[in-house]
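Please read the structure below before turning to the comments.
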Amino acid sequence: MSSKLEQLQALLAPVVQALGYQCWGIEFLSQGRHSLLRVYIDHPNGILVDDCEKVSRQLSGVLDVEDPISSDYTLEVSSPGMDRPLFTLEQYAAHIGEQVKIKLRSPFEGRRNFQGLLRGVEEQDVVVLVDDHEYLLPIEMIDKTNIIPRFD
Numbered sequence: 009m010s011s012k013l014e015q016l017q018a019l020l021a022p023v024v025q026a027l028g029y030q031c032w033g034i035e036f037l038s039q040g041r042h043s044l045l046r047v048y049i050d051h052p053n054g055i056l057v058d059d060c061e062k063v064s065r066q067l068s069g070v071l072d073v074e075d076p077i078s079s080d081y082t083l084e085v086s087s088p089g090m091d092r093p094l095f096t097l098e099q100y101a102a103h104i105g106e107q108v109k110i111k112l113r114s115p116f117e118g119r120r121n122f123q124g125l126l127r128g129v130e131e132q133d134v135v136v137l138v139d140d141h142e143y144l145l146p147i148e149m150i151d152k153t154n155i156i157p158r159f160d
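Just so we're on the same page, my numbering is the position in the sequence shown counted from 1, plus 8.
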C-alpha cells in the first residue's frame with residue numbers, strides 16, 4: 009500500500025466508523041491533474057444512497073480541513089456491491105470459496121490476470137485455484153481483486 013493510501017486510510021476510516029459504517033476500502037487513482045478518491049463503505053443492513061451522501065458530506069469536511077491531496081480530485085463514496093473489491097487479508101479469508109478476478113501490479117509466472125476459486129490465505133499470500141493449478145500470490149503484488157457475483 010502506498011504511503012498516500014495509508015495516510016488517507018488513517019484519516020478517513022475513523023470518520024466512516026464513527027458514523028456507524030465499516031470502511032471496506034479506499035482507492036486513490038491519480039489521473040494526471042485530476043484524481044479520484046473512492047471510499048467503499050459497508051453495513052450489515054446494506055448501503056443506500058442516503059448513507060453514501062451522509063458519509064460523503066463528513067469526509068468532504070475532513071478532507072477540506074486536513075487537505076491531504078494537493079491536486080484536484082473527485083470524492084466518490086460507494087457500496088462495495090456484489091462484485092466487491094477485496095483489500096485486506098481478512099477480507100480474502102472471509103470470502104474463501106468465492107470466484108475472484110485478480111489483477112497484479114507486475115507479472116507473476118508470466119501473467120498479470122488470474123480468475124479462479126479463492127482457496128485461502130497463507131501468511132501474506134492469497135491462494136487461488138486457476139484451471140487446476142494453485143497459485144500463491146503475494147498480497148503486495150495484487151493491484152485489484154473483485155469477487156465474481158453468482159446468480160444461482
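Each residue gets a CB set at the ideal place from its N, CA and C atoms; glycine is no exception.
Considering only C-alpha positions, which residue in the set LYS62, ILE77 and ASP160 is nearest to HIS42? Residue 42 sits at position 34 when you count from the first residue of the sequence shown. That would be ILE77, whose Cα lies nearest to the Cα of HIS42.
Spatial distance of LEU125 from MET149 (CA atoms): Working through the sequence shown from its first residue, we reach residue 125 at position 117. Working through the sequence shown from its first residue, we reach residue 149 at position 141. Their Cα atoms are separated by approximately 18 Å.
Can you tell which of ARG46, LYS111 and ILE147 has the C-alpha that lies nearest to the C-alpha of THR82? Start at 1 with the first residue of the sequence shown, and residue 82 comes out as number 74. Among ARG46, LYS111 and ILE147, the Cα nearest to that of THR82 is on ARG46.
Proximity to TYR48 [Cα-Cα], best of THR153, GLY128 and CYS60: Translated into positions along the sequence shown, residue 48 becomes position 40. Nearest of THR153, GLY128 and CYS60 to TYR48, Cα basis: CYS60.
On the three-state DSSP scale, how would you describe PRO146? The count along the sequence shown starts at 1 and reaches residue 146 at position 138. Strand, per DSSP.
Taking DSSP's pairing of strands, which residues face LYS109 in a bridge? The sequence position of residue 109 within the sequence shown is 101, counting from 1. DSSP output for LYS109 lists GLN123 and ASN154 as bridge partner(s).
Mind checking which residues open and close the alpha helix (DSSP H) that includes GLY40? As a position in the sequence shown, residue 40 is number 32, starting the count at 1. First-last for GLY40: undefined, no H or E at that position.
What would DSSP say about GLY69, mapped onto helix, strand or coil? Indexing the sequence shown from 1 puts residue 69 at position 61. In the structure shown, GLY69 sits in a helix (DSSP, three-state: H, G or I).
Would you call the CB atoms of LYS109 and ARG120 closer than 8 Å? Numbered from its first residue, the sequence shown carries residue 109 at position 101. Numbered from its first residue, the sequence shown carries residue 120 at position 112. Their beta carbons are not under 8 Å apart, which means LYS109 does not touch ARG120 by this criterion.
Measure the alpha-carbon distance for VAL57 versus SER87 and round it to whole angstroms. Position 49 of the sequence shown, counted from the start, is the residue given in the question as residue 57. Position 79 of the sequence shown, counted from the start, is the residue given in the question as residue 87. Using only the alpha carbons, I get a separation of about 9 Å.
What's the C-alpha gap between ALA89 and ASP50? Numbered from 1 along the sequence shown, position 81 holds the residue referred to as residue 89. Numbered from 1 along the sequence shown, position 42 holds the residue referred to as residue 50. For the record, residue 89 in the displayed sequence is Gly; it is not Ala. Distance between the alpha carbons of GLY89 and ASP50 is about 9 Å.
How is GLU14 classed by DSSP in three states: helix, strand or coil? As a first step, residue 14 is located in the sequence shown; it is residue number 6 there, counting from the start. Helix, per DSSP.
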